Amino acid sequence: MSKYIYKLNDYHAIKKAAISIDGITVLSGINGCGKSTLSKWLYYIVNGANEYDRFIYERFVGQILEIFTRLDFARRDIDKDADNSNSQFFKEASSILRGLKSENEHENVEKIQLTADKVIERFCDILHKYLINSPSPTKKERVFVFLGIKSEDDPDKVLNTFKDAELNEIERIKNNYYENKKKRSMDDFFMLARRNFDIDETNPNNINIEEDGVKLFQKGCIGSLYNLTKAIYVDTPMAVSEEGSDDNVFWKDLKTLMLDENKDFTGIDTHKKIARRITQLINGHVDVEKDDFGQKELHFVSEDGLNIKLDKTATGFKSFSYILRLLENGYLNDKTLLLIDEPEAHLHPQWIVEFAHVLVLLNKETGTKIMVASHNPNMVDAINAIARKEKVEDRTHFYLAEESEQRFKYVYKDLGQNIEEIFKSFNMAYHKIEQYGSFDI
4 MSKYIYKLND YHAIKKAAIS IDGITVLSGI NGCGKSTLSK WLYYIVNGAN EYDRFIYERF
64 VGQILEIFTR LDFARRDIDK DADNSNSQFF KEASSILRGL KSENEHENVE KIQLTADKVI
124 ERFCDILHKY LINSPSPTKK ERVFVFLGIK SEDDPDKVLN TFKDAELNEI ERIKNNYYEN
184 KKKRSMDDFF MLARRNFDID ETNPNNINIE EDGVKLFQKG CIGSLYNLTK AIYVDTPMAV
244 SEEGSDDNVF WKDLKTLMLD ENKDFTGIDT HKKIARRITQ LINGHVDVEK DDFGQKELHF
304 VSEDGLNIKL DKTATGFKSF SYILRLLENG YLNDKTLLLI DEPEAHLHPQ WIVEFAHVLV
364 LLNKETGTKI MVASHNPNMV DAINAIARKE KVEDRTHFYL AEESEQRFKY VYKDLGQNIE
424 EIFKSFNMAY HKIEQYGSFD I
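For any residue, its number in our numbering is found by taking its place in the sequence shown, counting from 1, and adding 3.
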């Protein structure tokens with residue numbers, strides 16, 4: 004099983020963090036110390052590294068589609084074809100490209116270029132017919148300006164120059180695609196990550212993750228993660244709710260994975276054992292059903308037959324439900340990183356212990372790597388105790404965010420398996436409560 008070290012320095016509230024991830028990692032500290040920032044950027048770089056080829060492929064297809072759209076827009080103004088065959092041709096060409104884009108087949112580049120060549124050829128035929136019919140100078144000039152054509156009296160020269168320029172542009176876009184795929188530059192990676200993950204904050208200058216001692220970012224380029232293919236980030240159990248799920252990239256990703264009906268994954272005994280534990284705990288299971296408009300939605304179905312939408316259940320049910328669905332769909336395995344912010348939120352103390360037990364079992368039985376941000380003493384203590392009981396304490400790590408010499412800048416201290424300092428920080432809060440109780444109000 005691969006070991007990872009995630010580093011993020013001098014970014015927002017984080018002064019220095021070097022986090023080991025090879026089992027269960029617990030981050031603790033006060034609000035505003037950067038725990039969520041660490042989780043978000045780990046999600047971005049793990050998924051971004053694994054999706055980089057897809058990102059540049061989709062950008063390539065999108066750039067070709069922009070050319071199609073521009074030519075089709077001009078065509079509608081100059082095309083005199085009464086049978087709409089040209090309109091149908093452009094629709095079919097765009098449909099072909101959108102289909103190739105959604106397939107994520109990176110080897111369709113030559114097919115895309117061939118389709119683009121046909122579109123340019125067809126448009127040039129339309130433009131030729133337009134020019135030989137002596138359009139008004141004003142209208143022709145307007146078309147030429149839109150298409151970037153220099154005014155010229157000879158129609159053949161206009162067409163040849165325009166056609167060569169368009170074909171050269173397609174070739175340039177294709178060559179850029181191959182070059183970007185080969186170079187894998189960090190600048191391009193962060194630009195694509197910002198676009199695909201809707202990142203609205205500045206990029207960190209000092210971020211990296213090592214897989215078995217090999218850095219992901221080296222010499223301005225991004226490498227590959229061999230044994231970590233997916234990061235799932237749950238910043239709140241409310242992520243499984245309907246409202247707002249399309250506006251939050253983490254919620255949308257989680258919802259997609261939960262709604263997936265991976266019928267090819269039958270599960271292994273370890274998955275089934277943990278799933279049974281959860282279904283017994285919540286006294287039911289989660290189904291995918293369709294609403295009145297045929298859209299998929301998640302339902303909680305209790306053992307006594309109660310059937311309600313999952314987002315109408317108590318938050319505690321939501322917490323166990325997303326684990327259950329991810330397990331059943333095969334998304335929790337030794338190549339998955341599960342990131343959870345404050346899993347104890349809205350959980351009864353007894354369920355906090357149960358949730359901690361499920362997390363430990365997930366790591367032990369499926370190999371899922373887990374990073375938890377928590378400032379709840381019950382959750383921290385439960386993970387520590389259960390990890391020892393299940394004999395996985397050697398890959399369980401605890402970190403405490405301590406304020407550095409700079410105010411509001413935090414260093415993440417590696418505590419190993421010793422959680423005493425975390426409890427000292429909790430005791431400071433209890434001491435403050437006692438202080439308040441000693442004052443007359």
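Glycine included, every Cβ here is placed at the ideal spot set by N, Cα and C. Given the structure is predicted, the values throughout are model-derived calculations rather than measurements.
Check: State the start and end residues of the unbroken beta strand (DSSP E) segment that holds Glu368.; Outcome: Per DSSP, Glu368 belongs to no beta strand (DSSP E) and is neither H nor E.
Check: Quick one: residues in its chain with C-beta nearer than 8 angstroms to the C-beta of Leu103, no 5 flanking neighbours on either side, listed in chain order?; Outcome: Val64, Asn111, Lys114, Ile115
Check: How big is the Cα-Cα spacing for Leu134 and Phe58?; Outcome: 40 angstroms
Check: So who's on the other strand from Gly419, going by DSSP bridges?; Outcome: Phe401
Check: Would you list the one or two residues that DSSP bridges to Gln221?; Outcome: Cys224
Check: Tell me, please, whether the segment 186 to 197 touches the segment 16 to 34 by the rule of three or more beta-carbon pairs shorter than 8 angstroms.; Outcome: no
Check: Given a threshold of 16 other Cβ atoms within 10 Å of its Cβ, counted over all protein chains shown, does Ser324 qualify as buried or as exposed?; Outcome: buried
Check: Within 10 angstroms of its Cβ, does Gly319 collect 16 or more other Cβ (buried), or is it exposed?; Outcome: buried
Check: Helix, strand or coil for Tyr9 per DSSP?; Outcome: strand
Check: Can you give the Cα-Cα distance for Asp397 and Asp201, rounded to whole angstroms?; Outcome: 37 angstroms
Check: What residue does the beta strand (DSSP E) around Lys394 start on, and which one ends it?; Outcome: Segment: none, Lys394 is in no beta strand (DSSP E) and carries neither H nor E.
Check: Can you tell me whether Ala21 is helix, strand or coil according to DSSP?; Outcome: strand
Check: Out of curiosity, what's the CA-to-CA distance linking Cys36 and Val217?; Outcome: 28 angstroms
Check: In its own chain, which residues sit with a C-beta less than 7 angstroms from the C-beta of Glu306, not counting the 5 before and 5 after it?; Outcome: Asn286, Gly287
Check: Determine the DSSP secondary structure at Ile33, reduced to helix, strand or coil.; Outcome: coil
Check: Run the CB neighbour count on Val237, radius 10 Å, all protein chains shown included, and call it buried at 16 or more, exposed below.; Outcome: buried
Check: Quick check on the burial criterion: 16 or more other C-beta atoms within 10 angstroms. Buried or exposed for Arg279?; Outcome: exposed
Check: If you reduce the DSSP assignment to three classes, tell me which class Ile202 lands in.; Outcome: coil
Check: Using only the alpha-carbon positions, how far apart do Ile99 and Glu345 sit?; Outcome: 45 angstroms
Check: Given Lys166, which residues of its chain have a CB within under 7 angstroms of its CB, disregarding the five upstream and five downstream residues?; Outcome: Ile123, Cys127
Check: Which one or two residues does DSSP pair with Met374 in a beta bridge?; Outcome: Thr28, Leu342
Check: What are the boundary residues of the alpha helix (DSSP H) that includes Leu257?; Outcome: 252 to 262
Check: Going by CA-CA distance only, name the one from Lys315, Asp256, Leu342, Glu292 that's closest to Asn366.; Outcome: Leu342
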